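As structure tokens, the structure follows; a few thoughts come after it.
Here's what the structure looks like:
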């Protein structure tokens, strides 16, 4: 801390309070990580009690009236003068979060937590039984509570703004909708063109036998090469891959292995490692304070997508790694050329399941969810009508029809878990990733030459400096403009997709 | 809870408070387990902060004045009338702990937690580098803090009483010293007789090649057979094996594997599984309350030693398991008879490392540590002089000399982790184990016939009922008398050792 910061007792007390809350938040992260990765089968009931108790302690600390008092004293402090300085951002963000949190009635917070908990349990059952009707009442309840939440928080234009703001601070629904609509208008025809093309990528090679031990080795080697530091992290196996952190030097990623599918684990590992590199790149001296926290979910996702797609699905990446992959998977890849492999991992085809979708169609899955959740929150769609609306949009945007709700509207847990306004951040991540990659390429010179030599350090260091070190000192859009020089739009992503896909599909 | 318990608001509030503290204590256990087993290398500094913070919260809850008020109200309640009933023990033990704890300054508690966390990290380094001097300042600090702790708590005869009482409630240093002195007087000549005997057990067979995967399999099979329930537990690898629990159905044990040594992992796993069976056998409805907590460390250790030594090193155990072991380790054990194997695993010989010591000499290792830590706490020895004092006692009791401190005074983590007064409970465990096993054998009929058939359930169930379900309703000595009918002494253990060793060594 600077002398100015140290000498302001309100600022010191506020930061100390937040750092201590961070001990509990990171401890809660360990409870949850362990629940997903290591915990014995019968231990889950008590674990829920532990997590609930710690969450309660965290909430109490966050609504501590002293936080309001410290912030009140700091409003006119020179420390708050520049809202993008470390101290200014600290005061600005903590004030925003405190005010938002005290606006929410405790009963609503508890009802939401309970509804989300019940919702997740019911969702597992509903998806397994293909029973949307069984989930519908709970889903209606959750969306009603989210509407109440939006009203309690307040919004500029539409209620959905309030929910989006939770994950993408400062973003407006109208702006995001405009960008995603422009993306959709160009993406739908491109996907249709590819569907109509006569070229078929040799995707079956990815379903040959890929022994898990070798997959583990390649995933570890590649994630380490791009910059995930295993002295400050680890990689475990879970059914649903994720990235979490429980300390400034303790970031943990997970993956799952399928012996008969190459892409799932490798690209999943690169994706989670991208999230992890961001977490590891945050300024550790500000751990749990705004300057040391990730900017927004969209920016977080941009870091995972950048390494997964912009780097990991790039020809130059495989010019370096393909010989290693062939060495590890002699039987599966021995007779496959680099070109065939490259085209297979970049295959585009409309499909039903979001998490298995390719780089291009993925965004159409998101746009559908974004449109549907907006319609519900803004009162234009009833949750009971979700399956029909879902199927209609899948036919219109992707030209496919789910055989049942389990593979349709029931495929994602998000809404059942109370996560509304979360989906668009996935596509914002893709859009930011393309723009940020282009900026890096322009500033660092020819990245492909570096990748061909297995050198990912310059890109990682550039991201550390330009993106990660910013923390929450800038908002997502501000960070985007500072790093790339332009406002967020669909263009860089479309340009990137066209450059890659037009040659592959001979369009 | 009974109606009486439910209708007493002070009792309900007290129990609820303690259960909630339990959420934090079990969370702290996870932070520590993860630190030993899974945590990335560079994460230890922040982990220490997390543990310190949670320890502070736990301490705050334990000295909450309301606890004192609830206990005050309950002193004359009918719930407290029988001090060995569930409610009576709850009130009695919580009162004892509360009174002890309010004597401890918060700063001392936090300093001790931090010193122990740092101490453990430094110990790893010091042991690896054979650098006692590197650890010495931290060790001195820890012992000074423990002296302060003893003074703050108060004691009847000597300061060491206060520390011993933490692990073996109600035990007096003078009494324990008397029993261990009697043990030493009979043990030293027995060990000398064995050393002088012309028979040499074929111990080299245990240093053949034992592939780790097979060791893992045998350890898992045997620990499961004796009753460790893996639906409520797990087994991991650590350098220093331990057992911990982080919930009523979440008990975790660890082991370490050495490909060229059979006994280390297998008997270590049986040992930790014995601890785990005790934890899993506690009444889960009383989790984190005295009736659902282990009685004392001595009783805890009796359960691990009973399964490790009284059962695991017994001929009848191997009459069942040896064919399996031979099948797993064809190359190593194919030409070894059961008799040779049995004599090898029961070989007695003075050696340097406590955790690798045999059943007989083990207690001499403990007696040395017990004498040394008493001397430090009672002001008769300086920590800097530990290596010399250590080596002098090893020569006197065991007739051997460590080549360096790594194999001498640095071999155990306990003191570096702030565990002073803990060591004697290991030998108390051996003493209790022999008495308890004799009682089980007398009450259940011929245990050997059951073991020969691989049936360990009757013994496990008997221990559940007689020992585990008691929790802290009785003290260690009370439990011992109730289960075995006699006071604790060195006799059952000596009898057991003589019965086994005299035939083997032809004394």
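Chains as they are written, first to last, in my numbering: chain A, 1 to 507; chain X, 1 to 507. For glycine and all other residues, C-beta sits at the position ideal for the given N, C-alpha and C. Given the structure is predicted, the values throughout are model-derived calculations rather than measurements.
Would DSSP call residue 412(A) helix, strand or coil? On the first chain, residue 412(A) is found 412 positions in, with the first residue counted as 1. Coil, per DSSP.
Residue 39(X) touches chain A at which residues, Cβ-Cβ below 7 Å? On the second chain, residue 39(X) is found 39 positions in, with the first residue counted as 1. Residues of chain A passing the Cβ test: 250.
When we look at the beta-carbon of residue 485(X) and count the other beta-carbons within 10 Å, is it buried (16 or more) or exposed? Position 485 of the second chain, counted from the first residue, corresponds to residue 485(X). It counts as exposed.
Would you mind giving the Cβ-Cβ distance between residue 4(X) and residue 71(X), rounded to the nearest angstrom? I have them listed as a contact below 8 Å. By one-based count along the second chain, residue 4(X) stands at place 4. By one-based count along the second chain, residue 71(X) stands at place 71. The Cβ separation is near 17 Å, so there is no contact.
Which chain A residues are close to residue 340(X), counting only those with a beta carbon under 7 Å from its beta carbon? Translated into the one-based positions of the second chain, residue 340(X) becomes position 340. In chain order: nothing, as chain A lies at least about 38 Å away.
Who pairs with residue 252(A) in a beta bridge, going by DSSP? If you number the first chain from 1, residue 252(A) lands on position 252. BP columns for residue 252(A) point to 234(A), 244(A).
Could you list which residues in chain X have their beta carbon closer than 9 Å to that of residue 238(A), in chain order? Stepping through the first chain from its first residue, residue 238(A) is reached at position 238. Simply none; closest approach about 14 Å.
Heavy atom of the ligand GTP within 7 Å of residue 48(X) beta-carbon: With respect to small molecules bound, the structure shown includes none, and the ligand GTP cannot be examined in it.
Run through chain A and tell me which residues come within less than 7 Å of residue 27(X), C-beta to C-beta. For this step, residue 27(X) is matched to residue 27 along the second chain. Neighbours of residue 27(X) on chain A, chain order: 27, 31, 50, 54.
Using a Cβ cut-off of 8 Å (strictly closer), state whether residue 273(A) contacts chain X. By 1-based counting over the first chain, the position of residue 273(A) is 273. Not closer than 8 Å to any Cβ of chain X, the Cβ of residue 273(A) fails to qualify, so no.
So, does the CB of residue 298(X) fall closer than 8 Å to a CB anywhere in chain A? As a working mapping, residue 298(X) is identified with position 298 in the second chain. False, the Cβ-Cβ gap to chain A never drops below 8 Å.
For residue 83(X), report the span of its alpha helix (DSSP H) as first-last. The residue given as residue 83(X) occupies position 83 in the second chain. Looking at the DSSP string, residue 83(X) is not in any alpha helix (DSSP H), and its letter there is neither H nor E.
Euclidean distance between Cα positions of residue 371(X) and residue 268(A): Working through the second chain from its first residue, we reach residue 371(X) at position 371. Working through the first chain from its first residue, we reach residue 268(A) at position 268. So the two alpha carbons sit approximately 57 Å from each other.
Short-range partners of chain A found in the segment 215–245 of chain X, where Cβ spacing is below 9 Å: 229, 230, 231, 232, 233, 234, 236
Does residue 588(A) pass the burial test, meaning 16 or more other C-beta atoms within 10 Å, or should it be called exposed? It is not possible to answer for residue 588(A), since the shown part of chain A is limited to 1 through 507.
Let's test the definition: count the other Cβ atoms within 10 Å of the Cβ of residue 435(X) and tell me whether it reaches 16, buried, or not, exposed. Within the second chain, the letter at position 435 stands for residue 435(X). By the 10 Å Cβ count, residue 435(X) comes out buried.
Taking its Cβ as the centre, do 16 or more other Cβ atoms sit within 10 Å of residue 240(A), making it buried, or is it exposed? Reading the first chain from its first residue, position 240 is the one you call residue 240(A). Its Cβ having fewer than 16 others within 10 Å, residue 240(A) is exposed.
Three or more beta-carbon pairs under 8 Å between the segment 270–287 of chain A and the segment 446–459 of chain A, yes or no? no
Can you tell which of 299(X), 361(X), 499(X) has the C-alpha that lies nearest to the C-alpha of residue 276(X)? As a working note, residue 276(X) is residue 276 in the second chain. Nearest of 299(X), 361(X), 499(X) to residue 276(X), Cα basis: 299(X).
Quick one: complete alpha helix (DSSP H) runs, 4+ long, within the segment 1–86 of chain X? 3–7, 9–37, 44–62, 65–74
Which same chain residues, not among the five before or five after residue 102(A), have their C-beta less than 8 Å away from its C-beta? As a position in the first chain, residue 102(A) is number 102, starting the count at 1. So the list reads 63, 68, once near-sequence residues are dropped.
Compare the Cα-Cα distances from residue 10(X) to each of 41(X), 356(X), 90(X), 44(X) and report the closest residue. The residue you call residue 10(X) lines up with position 10 of the second chain. Here the closest residue by C-alpha is 90(X).
Any C-beta of chain A under 8 Å from that of residue 447(X): Position 447 of the second chain, counted from the start, is the residue given in the question as residue 447(X). Taking Cβ atoms only, chain A never reaches closer than 8 Å to residue 447(X), which makes this a no.
Given residue 8(A) as reference, the closest of 420(A), 74(A), 354(A) once Cα atoms are compared: Working through the first chain from its first residue, we reach residue 8(A) at position 8. The option with the nearest alpha carbon to residue 8(A) is 74(A).
Are the beta-carbon atoms of residue 163(A) and residue 215(A) separated by less than 8 Å? Against the first chain, residue 163(A) aligns to sequence position 163. Against the first chain, residue 215(A) aligns to sequence position 215. No. Outside cutoff.
Looking at chain A, which residues of the segment 118–131 of chain X have a Cβ within less than 7 Å of any of its Cβ atoms? none
To the nearest angstrom, how far is the alpha carbon of residue 118(X) from that of residue 348(A)? For the purposes of this step, residue 118(X) is taken as residue 118 along the second chain, with counting starting at 1. For the purposes of this step, residue 348(A) is taken as residue 348 along the first chain, with counting starting at 1. If I take the Cα positions, the gap works out to 53 Å.
Helix or strand or just coil, what does DSSP make of residue 121(A)? For the purposes of this step, residue 121(A) is taken as residue 121 along the first chain, with counting starting at 1. Correct three-state label for residue 121(A): helix.
Consult DSSP for residue 147(X) and reduce its assignment to one of helix, strand or coil. Taking the first residue of the second chain as 1, we reach residue 147(X) at position 147. Correct three-state label for residue 147(X): helix.
Could you compute how far the alpha carbon of residue 55(X) sits from the alpha carbon of residue 260(A)? Here residue 55(X) is taken as the residue at index 55 of the second chain, counted from 1. Here residue 260(A) is taken as the residue at index 260 of the first chain, counted from 1. Cα to Cα, the separation comes out at about 47 Å.
Local conformation of residue 495(A) per DSSP, three classes: Walking along the first chain from the start, residue 495(A) turns up at place 495. Correct three-state label for residue 495(A): helix.
Looking only at its own chain, which residues have a Cβ that is under 7 Å from the Cβ of residue 437(X), when we skip the five neighbours before and after it? Locating residue 437(X) in the second chain gives position 437, counting from the first residue. Excluding sequence neighbours, residue 437(X) sits near 306, 310.
Answer yes or no: do residue 302(X) and residue 429(X) have a C-beta to C-beta separation smaller than 8 Å? The count along the second chain starts at 1 and reaches residue 302(X) at position 302. The count along the second chain starts at 1 and reaches residue 429(X) at position 429. Taking 8 Å as the Cβ cut-off, residue 302(X) and residue 429(X) qualify as a contacting pair.
Verify the CB distance criterion: does residue 42(A) have a CB-CB separation below 8 Å to chain X? As a working mapping, residue 42(A) is identified with position 42 in the first chain. Yes, residue 42(A) lies at the interface with chain X (some Cβ there is under 8 Å from its Cβ).
Can you tell me whether residue 377(X) is buried or exposed? The criterion is at least 16 other CB atoms within 10 Å of its CB, across all chains shown. Translated into positions along the second chain, residue 377(X) becomes position 377. Buried, since its Cβ has 16 or more Cβ neighbours within 10 Å.
Might you give, ordered along the chain, the residues of its own chain that have their beta carbon closer than 6 Å to the beta carbon of residue 494(A), omitting 5 neighbours on each side? Here residue 494(A) corresponds to residue number 494 of the first chain, with the count starting at 1. Cβ neighbours of residue 494(A) beyond the five flanking positions: 186.
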